[in-house]
Amino acid sequence: MDVLPLIALVAGSAAIAGVARRTPVAAPLLLVAAGLVAAYIPGVPAYTLDPHIVLPLLLPPLLYTAAVDSSYLDLRANLRPVAMLSVGYVLFATLAVGWLVHLMVPDLPTTTALVLGAVVAPPDAVAATAIARRLGLPSRITTILQGESLLNDATAITAFKVALAAAVGTGSSWGEGIGEFALASVGGVGIGLVLMVPLHWLRTHLTEALLQNTLSLLIPFVAYAAAEQVGASGVLAVVVVALYLGHRSWQVDFATRLQEAAVWKMVAFVLESAVFALIGLQLPVVLRGLGEYGVGQALLYAVGIFVAVVVVRFVWVYPGTFLPRLLSARIRAREPDTNWTAPLIVGWAGMRGVVSMAIAFSIPLTLSDGKPFPGRNLVLFLTFATVIGTLVVQGLTLPPLIRLLKVPGRDRQAETLAEAQAQSEASTAAERRLDELLADDRNALPRPLADRLRTVLERRRNSVWERLGAVNEVTGESADETYRRLSREMIEAERTVFVELRDRRRIDDEMLRTLLRRLDLEEAAAYRESESD
């Protein structure tokens, strides 16, 4: 097996994603564009999206890392709009887009049109999260988009299976279709509920961070495979488990959390980069398969379906936002007020992604009677065009749209104030606990060491408040930022000496690694760099 194409894909997509982090263009857009260009560079191998790899091997970790970073409490507070989009909208889009496709392409069977509707129905979890995070959208809009994109794949995949069964001639009644949907949804949630407690117990009882993180990497695949094995939704199982583990991550020891955050950040970066590059690289594959449909005619169909996908989302989003509030006083009391701009952003943020492509490539070549699947190649092309169209058109225009609407972003000042208040309460509790411990003769400490504990606690308490106050007029830094910078300079001076001593053979490499690790931990504790994507 030639691994060079895989290495080239991962290395190239990671490099492009790294470049995107230094430009105003979101990484998914640049990666797709690069894939489109690379597909026609001589010597670049042909990459084909294999649904047997994407769905069971790439989708679970991407969903897991997105769900672990989501807020269970925020999702629960916004369960109604999330359910309206992740279930109601996907089913509505499947039927509405399928019907419109049947009208636009008369020679395409109705069942095939419904298959296409199910394929392009779900917005993409990775694209939605990346764009929302980059734009700093209000927290409620971000939560709704994240929640929708986490759960809608389960609805779309189930709708696709029902439509596909009808198309290939193995489906039967609407009742069986509803039963399959119920099994997938209830079963997926049930498998997640069954697995989440023992998996969390394992995480909290393993004594080594290395073992705990190995388990962490296996969890999404275990949850997905267990659910799919019984015909349930692996997507829902992964999301349920991840939300529970993320909500209780504070019960895992600090070494595991630090290592786990770094590992999953790397995994998500590599997979997201490769996935969006793969989308662009599919262009030659879908063009070669057009066959009886000319490129010009297929492009006309693609434009029509792109417009249909966009319009259908707005047709659902606006009534789904305002009608429940109009009809229910309980909803008006429970949910914050909104205006026309929020559903406009949610409607325009419906980018499609790799799940749609993977589902489309899983359409079989033949029907149950051995005849070719009608319009399969056209479905692949139209799916590809819809994914590219939504990523490029909506992805590029969403930031200026938000600026034009003057949508207020996250209130950083209020968030910093809340952080400072929380830190102050926690530090006060820690100080009381320290006084209790030092009052016990068994915990006697020399005065300098006890003062050091209090100093560290006081600095932690003050550091957040300082971000709200005055800064150094020369450097623009707060006192805490200056402290961290000077601390790093001192540690760097120590590190230089250690290396020089190793080079002069006064200490060996093993001792150097021990000393450097000690400095690394000191630097991490002193500097506490805030995490950013």
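With the first letter of the sequence shown counted as 1, position 99 gets the number 100 in the working numbering; the numbers rise by one all the way through.
Ideal placement from N, C-alpha and C gives every residue a C-beta, glycine not left out.
These figures come from a predicted structure and were not determined experimentally.
Environment of Ile8 [buried if 16+ CB atoms lie within 10 Å]: exposed
Bridge partner(s) assigned by DSSP for Pro1: This structure leaves residue 1 out entirely; the chain is present only between 2 and 534.
Helix, strand or coil at Arg22 according to DSSP, with G and I counted as helix: coil
Nearest residue (CA-CA) to Gln213, options Leu454, Ala451, Ala262, Leu284: Ala262
The segment 46 to 62 contacting the segment 214 to 231, beta-carbon criterion three pairs below 8 angstroms: yes
The segment 255 to 275 in contact with the segment 178 to 187 per 3-pair CB rule at 8 angstroms: no
Exposed unless 16 or more other CB atoms sit within 10 angstroms - verdict on Thr456: exposed
Burial state of Phe255, where buried means 16 or more other Cβ atoms lie within 10 Å: exposed
CB of Gly396 within 7 angstroms of CB of Met352, strictly: yes
Beta-carbon proximity of Ala419 to Ile142, cut-off 7 angstroms: no
Residue environment, Met512, which counts as buried when at least 16 other CB atoms sit within 10 Å: exposed
Residues of its chain near Phe277, where Cβ-Cβ distance is below 6 angstroms and the 5 sequence neighbours each way are ignored: Pro29, Leu32, Val33
Beta-carbon gap between Ala167 and Thr112 smaller than 7 angstroms: yes
Per-residue burial, Glu459 [other beta carbons within 10 Å of its own, 16 or more giving buried]: exposed
Beta-carbon spacing of Gln252, Thr205 below 7 angstroms: yes
Rounded separation between Val163 and Gln424 - CA only: 52 angstroms
Rounded C-alpha distance that separates Arg461 from Leu324: 48 angstroms
Euclidean distance between Cα positions of Met491 and Ala525: 13 angstroms
Of the listed residues Arg453, Leu383, Ala15, Leu5, nearest to Leu272 (C-alpha basis): Ala15
Closest by C-alpha distance to Gln230, when choosing among Gln147, Ser363, Pro57, Leu219: Pro57
Sufficient close CB pairs (3 or more, under 8 angstroms) joining the segment 96 to 116 to the segment 331 to 350: no
Three-state class that DSSP yields for Thr417 in the structure shown: helix
Thr112, enclosing alpha helix (DSSP H) - first and last residue: 111 to 121
Best match in Thr483, Ile280, Ala386 for proximity to Gly36 [C-alpha to C-alpha]: Ile280
Beta carbon of Leu196 nearer than 7 angstroms to that of Glu149: no
CA-to-CA distance, Val45 to Gly232, given in whole angstroms: 38 angstroms
Burial state of Trp317 (16 or more Cβ within 10 Å): buried
Own chain partners of Ala155 with C-beta closer than 7 angstroms, once the 5 adjacent residues on each side are dropped: Ala185, Ser186, Gly189, Ser234, Val236, Leu237
Buried or exposed (CB count within 10 angstroms, at least 16 for buried), Ser369: exposed
Within 7 angstroms, strictly: CB atoms of Gly118 and Thr95: yes
Among Ala47, Ala275, Gly371, the one whose alpha carbon lies nearest that of Val355: Ala275
Three-state class that DSSP yields for Ala299 in the structure shown: helix
Span of the alpha helix (DSSP H) around Asp75: 73 to 78
Every unbroken alpha helix (DSSP H) inside the segment 137 to 181 [4 residues or more]: 140 to 169
Proximity to Leu246 [Cα-Cα], best of Ile389, Met105, Leu327, Tyr73: Tyr73
Assigned secondary structure, Gln283 (DSSP; H/G/I helix, E/B strand, else coil): coil
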